[in-house]
Amino acid sequence: MSTLVYIFLFVALVLAVGLLNSFRVETKKVKIDTPFQSKWSNKLYKYSYYMPFVWFIDEKEEHPKTKDLKNKLAQANLTHLFNVRSFTALKVGVMMSSIVLFIFILVIMSNGDWFAKVLFNVDSAGLVSQGQQSSNANAKIMAFIILLCMALVPDFYLKRRAEAYKHLHLKDIPVVQLFIILMLRSKKPISEVLFALSKINTRYKGIFDIGYRMYIRNKEDGLNYIKDSFGETSFKETINVLKEMGEYSREDSITLLENNMQQIIEKNNAVKRRGDLSRLVYSQSTIAIPFIAIILLCFVPLAVFGIEIFTRAGMGF
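Printed below as a string of structure tokens:
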């Protein structure tokens, strides 16, 4: 490797260390909100305001991909740990770490003889055969693929978790909805409803806990946080009813919640029926796989015979 490349890597390393140090200094100076209970989540949120993470942040959150990410975070029940800014910073951090690690591996593999001489006092120059060079190239490709997969881990995990919680959501939301209706029928104010939901051990305990603390300071902000945390679901209508309870009587609001609950149950039943139908089709198709395999095996001799005929005909010409 040429001297210029070493100089470039050294300068890049110095800049990276200086940039990380500036993060530490500026994070202490600038006052930024801490919207999460976890210290790690708040630190990641703070880093999203500085370079290079801020370059990848959609400040207005109007891009379709940003809205989709926000919806997936809500579906995956991760809004108490991440928002769009902090999760984007996490993805950028993982991607940058993968790139740095790949460059480090590339430098070591490209200068293996030099490292062997410095570390182990072994002169391996001229001992690398053509086959070993080919294996080194394959190892570099494999390392690149592995590190690329590492960079995609956050998105993959979020997608799988959102899909898993989508099915759990079908069972939990009607129970939460029924609890809200019963609390309102008991003449409880919205603050007590949210406080009770923040103490009940459900998958959404963290959301209601943060929402309740925000509701104490500002009612609209607290309800908006809970509404956004549930993404594009029918439960958003429930939060809208709670926000507008001052404009309607308590009985009318309860009636709206009961109607909304019925719609949620019907929608959940429709999703379950589609899931059952998909599983039925899949199970029936798996039964047919052995028969299809047998039919294909029967056609293999015919295909081989046909290829031999065409080969002989070609040789005859």
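Under my numbering, the first residue of the sequence shown carries the number 1, and numbering increases by one thereafter.
No residue lacks a Cβ here, since even glycine has one placed at the ideal position from N, Cα and C.
Taking 8 Å as the cut-off, decide whether the C-beta atoms of residue i and residue j are in contact.
i      : j      : result
Pro52  : Val92  : yes
Ile190 : Leu242 : yes
Val176 : Leu197 : yes
Ser38  : Ser86  : no
Ala151 : Val94  : yes
Ile200 : Leu223 : no
Val84  : Lys70  : yes
Glu237 : Asn218 : no
Tell me whether residue i sits in a helix, a strand or coil according to DSSP, three-state version.
i      : result
Pro301 : helix
Ala76  : coil
Asn240 : helix
Leu197 : helix
Leu257 : helix
Lys29  : Low per-residue confidence applies at Lys29: pLDDT is 48, beneath 50, and the placement is therefore not dependable, though the value from the model is reported in the following sentence. Lys29: helix per DSSP, three-state reduction.
Pro189 : coil
Val128 : Residue placement at Val128 is flagged as unreliable, the pLDDT there being 48, under the threshold of 50; the coordinate-derived value follows with that caveat. DSSP places Val128 in coil when its eight states are reduced to three.
Glu163 : helix
Lys67  : helix
Glu62  : coil
Arg250 : helix
Tyr215 : helix
Met150 : helix
Asn269 : helix
Met315 : Only weak support exists for where Met315 lies, its pLDDT of 49 falling under 50; the value from the coordinates is given anyway. In the structure shown, Met315 sits in a helix (DSSP, three-state: H, G or I).
Pro52  : coil
Leu182 : helix
Arg85  : helix
Pro35  : coil
Tyr157 : helix
Ser234 : coil
Ile57  : coil
Ile309 : helix
Comparing C-alpha positions only, which one of the options sits nearest to residue i?
i      : options                        : result
Ala89  : Tyr50, Phe195, Asp221, Lys267  : Tyr50
Leu235 : Glu59, Gln37, Asp58, Ala74     : Before going on, a small fix: residue 235 reads as Phe here, not Leu. Phe235 has its Cα closest to that of Ala74, out of Glu59, Gln37, Asp58, Ala74.
Phe208 : Leu78, Trp40, Ala151           : Leu78
Ile216 : Arg85, Phe195, Lys205          : Phe195
Gly206 : Ser86, His80, Met245           : His80
Ala76  : Ser249, Ile200, Leu158         : Leu158
Ile141 : Ser97, Leu106, Val84, Lys267   : Leu106
Thr255 : Phe104, Leu184, Met150         : Leu184
Ile146 : Ala164, Ile108, Arg160, Phe102 : Phe102
Pro154 : Arg250, Tyr204, Ser98, Glu220  : Ser98
Arg203 : Lys187, Ala164, Met214         : Ala164
Ser229 : Ala162, Ile309, Glu266, Lys187 : Ala162
Met96  : Glu220, His63, Leu148, Asn42   : Leu148
Lys171 : Ser253, Phe156, Asn269         : Asn269
Ser253 : Pro290, Lys187, Ile292, Cys298 : Lys187
Leu178 : Asp221, Arg160, Ile108, Ile264 : Ile264
Thinking residue i and residue j are a contact (beta carbons under 8 Å), I'd like their distance in whole angstroms, please.
i      : j      : result
Ile394 : Glu258 : Absent from the model: residue 394. The displayed extent of the chain is 1 to 317, so no value can be given.
Gly246 : Ile226 : Between Ile226 and Gly246 the Cβ distance is about 17 Å, and since that is not below 8 Å, they are no contact.
Ser41  : Phe104 : Not a contact, Cβ separation roughly 28 Å.
Tyr45  : Phe56  : That pair is no contact at about 14 Å.
Tell me which residue opens and which closes the alpha helix (DSSP H) that residue i is part of.
i      : result
Leu223 : 219-229
Asn42  : 39-47
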